[in-house]
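Protein sequences appear in the order of chains A and B.
Everything in the first sequence is counted per the numbering used here, starting at 1 for the first residue and increasing by one.
Everything in the second sequence is counted per the numbering used here, starting at 213 for the first residue and increasing by one.
Cβ coordinates follow ideal geometry from the N, Cα and C atoms, glycine included.
Here's the structure, in structure tokens; my notes come after.
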Amino acid sequence: MRREIPMVLATVAAIYTFVWQVSHHAWETRWLTHTDLWRTFMMQVAVLLGALNLSRLQISNIRRRREHWPYSVLCLVVLWSYMIFGMTAYGLFAGRGNRHPIYLWFHDGVMVPAESTMFSLLAFFIASAAFRAFKIRSREATVLMVFAFIVMLARVPVGQAMWARMPALGTWVMAWPTAAAMRGMAIGIFLGVFAATLRVFLGLERRYLGTS
Amino acid sequence: MAVSTNPQVWVIALTTLAVYSYLWKDNWAYRVVEHVFLAMSVAHAVVLTWDTGILPRVRTDIIGRGAWPFVVAGVLGLLMYTRLASPKWSWLSRYPVGLAVGYGVGFTMAMSPRPWMIQLRDSFRSLWVVRGGVFQAQATFNQWVFVIFLMTTLSYFFFTVSHQNKLVKGSAYLGRYAIMVGLGAAFGNAVIGRISLFLGRLQFLLMDWLGFVI
């Protein structure tokens with residue numbers, strides 16, 4: 001009862017969505033649009049789950065006095081104050097909190113630059129990983145690095161200054177050998193994803209229902 | 213050089229420097245920004261969903277049109293919280309999870325084969341390109357490169373025939389290099405993307421914050 005009904009629901013939902021997606025009658029498409037909106041609303045209502053889960057984790061850090069626990073206090077304070085302010089800036093049911101000037105000030109002043117800087121930080125770690133890969137001196141690592149350098153040089157002015165046809169070479173590498181190798185990998189990935197989907201559909205895969 | 217007097221620019225600059233301080237070593241400034249960023253990202257997702265998803269739906273559909281299926285969907289969504297509330301009731305969260313997974317499965321089974329079939333069909337290429345009665349050497353070479361790289365990559369992941377077989381073994385060996393070419397190019401692209409982000413941050417620090425004119 002506790003596992004069987006959700007499994008039946010999953011199978012019925014899968015058959016319903018499959019049939020409605022592959023048929024193209026107007027009334028079926030309309031129904032699918034409706035059910036799609038219901039499903040989206042169902043998931044939206046559960047959005048607070050992420051915030052609650054994060055809070056639970058941080059509270060556990062604080063209670064157990066784990067290393068760096070004061071940062072958990074900071075995380076909790078920022079999470080709930082920013083969220084409550086955003087939701088109530090113009091009143092709880094106004095629905096315009098995300099456009100409040102103070103909300104946007106912090107969004108543009110902290111979140112956007114922090115995100116961009118964190119991603120740019122990866123450039124340094126990627127470079128260090130490349131250096132380590134190059135140190136291995138295997139033929140595969142050399143091929144990887146050579147093609148990485150070709151693509152990188154093709155995208156910057158210095159590449160063109162070194163050799164006028166470098167951008168064309170970079171474009172060719174991306175359009176032919178890379179596209180072919182990536183397609184080969186993508187076909188394998190697709191087959192894997194489809195097999196996993198089929199396992200869920202046939203009820204062979206039940207881990208999404210959790211344990212016990 | 214005119215250093216900015218805008219407090220927001222200073223906050224952005226200090227945030228940027230705090231993140232980059234991690235390159236030196238793990239430190240309190242980085243951890244502060246890391247935790248603030250994590251908290252704000254989650255809060256922002258909730259606020260956006262509340263403002264642009266839940267409230268309009270409640271106003272327009274539930275209150276405005278009396279569309280009761282949204283109430284059912286909302287109750288199902290609320291069942292997800294039983295997962296956190298109590299282990300005794302957490303099994304109730306399987307109902308919305310089952311529905312969402314089923315929907316995803318049906319959608320994937322119906323929609324995902326098409327783009328891949330198109331790609332598969334496109335992979336069967338002419339290996340002797342003639343346009344307007346003229347043989348195209350460059351285009352023929354490109355097609356050969358494409359087909360060889362694709363087939364050798366596929367053979368690397370092909371285990372139906374034993375890799376002891378000379379043909380499969382040789383093809384898989386070449387396939388390893390083909391994969392390295394693909395991954396190398398993807399790696400180069402990723403590095404260039406990250407470096408352009410880094411240049412953007414550097415430009416902000418030097419020009420917008422410190423006021424250098426470059």
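Look at the alpha carbon of residue i and the alpha carbon of residue j, and state the distance between them as a whole number of angstroms.
| i | j | result |
| --- | --- | --- |
| VAL357/B | PHE147/A | 15 Å |
| PRO101/A | ASP108/A | 10 Å |
| PHE124/A | ALA230/B | 15 Å |
| LEU226/B | GLN350/B | 53 Å |
| THR228/B | MET111/A | 11 Å |
| GLY405/B | LEU260/B | 28 Å |
| LEU235/A | GLY210/A | The shown model of chain A, from 1 to 212, leaves out residue 235/A, and the question about it has no answer. |
| VAL425/B | LEU411/B | 15 Å |
| MET292/B | ASP420/B | 46 Å |
| PHE41/A | ARG65/A | 38 Å |
| GLN58/A | LEU288/B | 27 Å |
| ILE330/B | GLY184/A | 14 Å |
| SER138/A | LEU417/B | 40 Å |
| ALA127/A | ASP334/B | 35 Å |
| ILE150/A | GLY310/B | 47 Å |
| VAL248/B | PHE190/A | 37 Å |
| THR171/A | CYS75/A | 45 Å |
Does residue i have its Cβ less than 8 Å from a Cβ in chain A?
| i | result |
| --- | --- |
| ASP263/B | yes |
| TRP328/B | yes |
| MET213/B | no |
| VAL245/B | yes |
| TRP208/B | No statement about residue 208/B is possible, as the shown extent of chain B runs from 213 to 426 and does not include it. |
| LEU312/B | What sits at residue 312/B in the sequence shown is Ala, not Leu. Chain A, which has a Cβ nearer than 8 Å to the Cβ of ALA312/B, makes this yes. |
| GLY276/B | no |
| MET419/B | no |
| GLN220/B | yes |
Within the same chain, show all residues whose beta-carbon is closer than 7 Å to that of residue i, passing over the 5 residues directly before and after it, in chain order.
| i | result |
| --- | --- |
| VAL73/A | ILE62 |
| ASN98/A | GLY86 |
| PHE282/B | ARG269, ASP273 and ILE274 |
| THR364/B | SER383, LEU386, GLY387 and ALA390 |
| ALA26/A | none |
For residue i, count the other beta carbons within 10 Å of its own beta carbon; 16 or more makes it buried, fewer makes it exposed. Which is it?
| i | result |
| --- | --- |
| GLY344/B | exposed |
| VAL215/B | exposed |
| ALA10/A | buried |
| THR17/A | buried |
| TRP303/B | buried |
| HIS24/A | exposed |
| MET323/B | exposed |
| SER116/A | buried |
| TRP385/B | The sequence given here has Tyr at residue 385/B, not Trp. It is exposed - the Cβ of TYR385/B has fewer than 16 other Cβ atoms within 10 Å. |
| ASP238/B | exposed |
| ARG175/A | It should be noted that the sequence gives Ala, not Arg, for residue 175/A. Classification for ALA175/A: exposed. |
| LEU379/B | exposed |
Looking at chain B, is there any beta carbon in it that lies within less than 8 Å of the beta carbon of residue i?
| i | result |
| --- | --- |
| GLU115/A | yes |
| TRP105/A | yes |
| ARG206/A | no |
| LEU79/A | yes |
| ALA4/A | A small correction: the amino acid at residue 4/A is Glu; Ala does not occupy that position in the sequence shown. So no, GLU4/A is outside the interface. |
| SER128/A | no |
| THR17/A | yes |
| THR11/A | yes |
| ALA26/A | no |
Ordered along the chain, which non-local residues of its own chain (more than five positions away) have a Cβ less than 6 Å from that of residue i?
| i | result |
| --- | --- |
| TYR234/B | TYR242 |
| GLN348/B | VAL341 |
| MET166/A | LEU153, ALA154, GLY159 and GLN160 |
Output needed for residue i: all residues of its chain with C-beta closer than 8 Å, excluding positions within five of it in sequence on either side, in chain order.
| i | result |
| --- | --- |
| TRP240/B | none |
| MET145/A | ALA130, ALA133 and PHE134 |
| GLU205/A | ALA196 and ARG199 |
| VAL393/B | PHE361 |
| ALA89/A | ARG96, GLY97, HIS100, ILE102 and TYR103 |
Against chain A, which members of the segment 355-387 of chain B pass a CB distance test of less than 7 Å?
Closer than 7 Å at the C-beta level to chain A, one finds these residues of the segment 355-387 of chain B: VAL357, PHE358, PHE361, LEU362, THR365, LEU366 and PHE369.
Just by C-beta distance, which residues in the segment 45-68 of chain A are closer than 8 Å to chain B?
For the segment 45-68 of chain A, which is checked against every Cβ of chain B, the residues closer than 8 Å are VAL45, ALA46, VAL47, LEU48, LEU49, GLY50, ALA51, LEU52, ASN53, LEU54, ARG56 and HIS68.
What residues in the segment 147-181 of chain A bring their beta carbon closer than 9 Å to a beta carbon of chain B?
Correct list: PHE147, ALA148, PHE149, ILE150, VAL151, MET152, LEU153, ALA154, ARG155, VAL156, GLY170, TRP172, VAL173, MET174, ALA175, TRP176, PRO177, THR178, ALA179, ALA180 and ALA181.
Give, in chain order, every residue of the segment 131-143 of chain A whose Cβ lies closer than 7 Å to some Cβ of chain B.
Using a CB distance below 7 Å, the part of the segment 131-143 of chain A facing chain B consists of GLU140 and VAL143, ordered along the chain.
Contact list for the segment 178-202 of chain A against chain B, Cβ threshold 8 Å:
Within the segment 178-202 of chain A, the residues whose Cβ lies closer than 8 Å to some Cβ of chain B are THR178, ALA179, ALA180, ALA181, MET182, ARG183, GLY184, MET185, ALA186, ILE187, GLY188, PHE190, VAL193, PHE194, THR197, LEU198, VAL200 and PHE201, listed in chain order.
Can you pull out the residues from the segment 390-408 of chain B whose beta carbon lies closer than 9 Å to at least one beta carbon of chain A?
Listed by position along the chain: ALA390, ILE391, MET392, VAL393, GLY394, LEU395, GLY396, ALA397, ALA398, PHE399, GLY400, ASN401, ALA402, VAL403, ILE404, GLY405, ARG406, ILE407 and SER408.
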